[in-house]
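Asker:
Residue numbers (my numbering): 1 to 290.
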């Protein structure tokens, strides 16, 4: 049983109040045993999924759940943090000029994030575009292997490993494009953060990422573990600064419409109101008559 449901669900029933349970991504799908069915059907009045992909995964693993019991509410960010002028000259600190092209990756350096696919794509572009650079912000188990790869390919002056950073808005303002080549994702909030800063993004067409990235409008979607197609998508942006600018503007507007913290809180508030005011019997009950 999920920790949230075990604590909140049981406590709410004992107190005679409603329980709304969040499901963030599909890392841990519902198990088919009866304990899960009892818990989610009887203890949870409504389930919040952070994407349509999460909702579909829940229903796939738990066909006994009623679809109307699951409400999709996208994660949101405080967009103001990403639209203000940068407080740091990060490009200057790295020795990168405004005319150079800077790719960025932000996240755990592990197999799931597909970092080596990005490194291989960068390597393919290395000779043709000598004024391109790659910034990796994050830590993880792959860091020693990444450092070795960078040394062996003589990319020390082109690839920057920044480690853990707490100034993500500044990083997003400094880069030209964010790349997220994941094998799967729970949500991919870094895409939203980069888009809020007015930057195009390139992501894999896995999990919920197509719900964030409108392919060809705010960036590009590519297959996972395909360094050649990733390199091609990057090359299109490198060769067309106007596309970088236009896609970045569209990306920022897309975030304003769908991924702000205010929108997320309004939708949660509306859901709370619906659950609290719903009738307690019959088909009008939240989630239907189980």
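Virtual Cβ for every residue (Gly too), placed ideally from N, Cα, C.
Pick from 275, 172, 257, 184: whose alpha carbon is nearest that of residue 210?
Answerer: For the purposes of this step, residue 210 is taken as residue 210 along the chain shown, with counting starting at 1. Per the Cα distances, 184.
Asker: Identify whether residue 149 lies in helix, strand or coil by the three-state DSSP scheme.
Answerer: The residue given as residue 149 occupies position 149 in the chain shown. Three-state result, residue 149: helix.
Asker: Looking at the strands, I want to know which residues DSSP matches up with residue 70.
Answerer: For the purposes of this step, residue 70 is taken as residue 70 along the chain shown, with counting starting at 1. In DSSP, residue 70 forms a bridge with 47.
Asker: Check for me: the alpha helix (DSSP H) holding residue 159 runs from which residue to which?
Answerer: Taking the chain shown and counting its residues from 1, the one referred to as residue 159 is at position 159. Note, residue 159: premise wrong, no alpha helix (DSSP H); beta strand (DSSP E) at 159-163.
Asker: Using the Cα positions of residue 76 and residue 95, report the straight-line distance between them to the nearest angstrom.
Answerer: Walking along the chain shown from the start, residue 76 turns up at place 76. Walking along the chain shown from the start, residue 95 turns up at place 95. About 33 Å.
Asker: Taking the C-alpha atoms as reference points, what is the distance between residue 154 and residue 251?
Answerer: Against the chain shown, residue 154 aligns to sequence position 154. Against the chain shown, residue 251 aligns to sequence position 251. Cα-Cα distance, rounded: 34 Å.
Asker: Nearest CA to the CA of residue 247: which residue from 277, 178, 224?
Answerer: Walking along the chain shown from the start, residue 247 turns up at place 247. Looking at the Cα atoms, 178 is the closest of the given residues.
Asker: Of the residues 270, 181, 175, which one's Cα is nearest the Cα of residue 93?
Answerer: Along the chain shown, one-based indexing puts residue 93 at 93. Of the listed residues, the one whose Cα sits closest to residue 93 is 175.
Asker: Are the region 154-174 and the region 200-210 in contact at 8 Å, needing three or more beta carbon pairs?
Answerer: no
Asker: When DSSP builds the beta bridges, which residues end up paired with residue 203?
Answerer: For the purposes of this step, residue 203 is taken as the residue at position 203 of the chain shown. Bridge partners of residue 203: 180, 221.
Asker: Kindly indicate the opening and closing residues of the beta strand (DSSP E) around residue 102.
Answerer: For the purposes of this step, residue 102 is taken as residue 102 along the chain shown, with counting starting at 1. In the DSSP assignment, residue 102 falls within the unbroken beta strand (DSSP E) covering 101-106.
Asker: Taking DSSP as the reference, what is the three-state secondary structure of residue 292?
Answerer: Absent from the model: residue 292. The displayed extent of the chain is 1 to 290, so no value can be given.
Asker: Could you have a look at residue 54 and say whether DSSP puts it in helix, strand or coil?
Answerer: The residue given as residue 54 occupies position 54 in the chain shown. Looking at residue 54 - three-state DSSP - the assignment turns out to be helix.
Asker: With H, G and I counted as helix, E and B as strand and the rest as coil, what does DSSP make of residue 277?
Answerer: For the purposes of this step, residue 277 is taken as residue 277 along the chain shown, with counting starting at 1. Helix.
Asker: Hey, would you say residue 268 sits closer than 8 Å to residue 73, going by beta carbons?
Answerer: Here the question's residue 268 lines up with position 268 in the chain shown. Here the question's residue 73 lines up with position 73 in the chain shown. Yes, they are a contact pair.
Asker: Hey, would you say residue 69 sits closer than 8 Å to residue 275, going by beta carbons?
Answerer: Stepping through the chain shown from its first residue, residue 69 is reached at position 69. Stepping through the chain shown from its first residue, residue 275 is reached at position 275. Result no, Cβ atoms of residue 69 and residue 275 do not sit closer than 8 Å.
Asker: Tell me where the alpha helix (DSSP H) around residue 238 begins and ends.
Answerer: Along the chain shown, one-based indexing puts residue 238 at 238. 227-238 is the extent of the alpha helix (DSSP H) around residue 238.
Asker: Please report how far the alpha carbon of residue 196 lies from the alpha carbon of residue 214, in whole angstroms.
Answerer: To locate residue 196, count along the chain shown from 1; it is residue 196. To locate residue 214, count along the chain shown from 1; it is residue 214. Cα-Cα distance, rounded: 14 Å.
Asker: Distance check for residue 113 and residue 136, CA to CA, integer angstroms please.
Answerer: For the purposes of this step, residue 136 is identified with residue 136 of the chain shown, where counting begins at 1. For the purposes of this step, residue 113 is identified with residue 113 of the chain shown, where counting begins at 1. Each residue's alpha carbon lies about 12 Å from the other.
Asker: Identify, in the order they occur along the chain, each residue of the same chain with its Cβ nearer than 6 Å to the Cβ of residue 207, setting aside the five sequence neighbours on each side.
Answerer: Start at 1 with the first residue of the chain shown, and residue 207 comes out as number 207. Same-chain partners within the cutoff: 53, 184, 185.
Asker: Which stretch, first to last residue, makes up the beta strand (DSSP E) that contains residue 20?
Answerer: Here residue 20 is taken as the residue at index 20 of the chain shown, counted from 1. 20-23 is the extent of the beta strand (DSSP E) around residue 20.
Asker: Distance, Cα to Cα, residue 111 vs residue 149?
Answerer: Taking the first residue of the chain shown as position 1, residue 111 is located at position 111. Taking the first residue of the chain shown as position 1, residue 149 is located at position 149. Distance between the alpha carbons of residue 111 and residue 149: 15 Å.
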